[in-house]
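Here the sequence shown is numbered in my numbering, starting from 19 and rising by one per residue.
Where a beta carbon is used, it is the ideal one built from N, C-alpha and C, also for glycine.
First up is the structure itself, then whatever we jot down about it.
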Amino acid sequence: MAAGSSKDLLHGTLSDAQPPDSPIVAEGWAGIAFDRNRHEYFAPEDIWIAWLDVHLGRPSSLKQIEIVSFKDVEADRDGFFAAPSLCSLHEFLAEDARFLADHYVLSRSSEWVVRLDQDVTLFAAKVDFVSEVLARLGGLTDVMARMVEDFDPGTGDPVGLNGFLLEITKGLRS
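Structure (structure tokens):
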């Protein structure tokens, strides 16, 4: 995927909004999110594994993932193409302390995007993709409980994190 198409995909699916506002702007997309700072891999390891397993099970012939910094997207520079594995992702982000900058991880088939900013890891994809991931993780109710625990909105939820989580998952409720 060339940088231009990465940029098009990103701008067509996500806005710059931050919690408590939902950044998901694509019709038919939903997401799940975790506090990036609580996890070695910026989200629970089993979430990444399920996400990448669903990706690998898709019929697309484009199995590599692209990892690109926010800065490189805006400058129309290509990202780094890697095998779809947690190990590849971690190695790339650990090298030269790249994890200190905000990045996107995306499928070359344009089915999903993961936004890694300094606070939140947002997994966003077409509803059927997210639904398949959730099925591997015990369902929406279980994952929602984990997200709420992860963000710990506190008494009265003064920041609006519960609303954020409800908004990004609204397409997953039938």
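Collapsing the DSSP output to three states places Leu152 in a helix.
Annotation: Cys105 to Ser128 spans about 22 Å, alpha carbon to alpha carbon. Proximity to Lys89 across Ala142, Tyr122, Thr187, Ala51 peaks at Tyr122, based on C-alpha coordinates. In the structure shown, Gly172 falls within a coil segment according to DSSP collapsed to helix, strand and coil.
With contacts defined as CB atoms closer than 8 Å, Ser149 and Ala119 fail to qualify as a contacting pair.
Taking 8 Å as the upper bound for CB-CB distance, Leu140 and Gly49 are in contact here, some 6 Å apart. Bounds of the alpha helix (DSSP H) holding Ile67 are 63-75. For Asp90, the uninterrupted alpha helix (DSSP H) segment begins and ends at 88-92. Bounds of the beta strand (DSSP E) holding Ser125 are 121-125. The Cβ neighbour count for Asp114, taken over all protein chains shown within 10 Å, is under 16; the residue is labelled exposed. In the DSSP annotation of this structure, Phe110 is not part of any beta strand (DSSP E); the continuous alpha helix (DSSP H) holding it starts and ends at 104-112.
The beta carbons of Val145 and Trp47 sit closer together than 8 Å. By the 16-neighbour rule on beta-carbons within 10 angstroms, Pro176 is exposed.
The straight-line gap separating the alpha-carbon atoms of Asn180 and Ile83 is approximately 30 Å.
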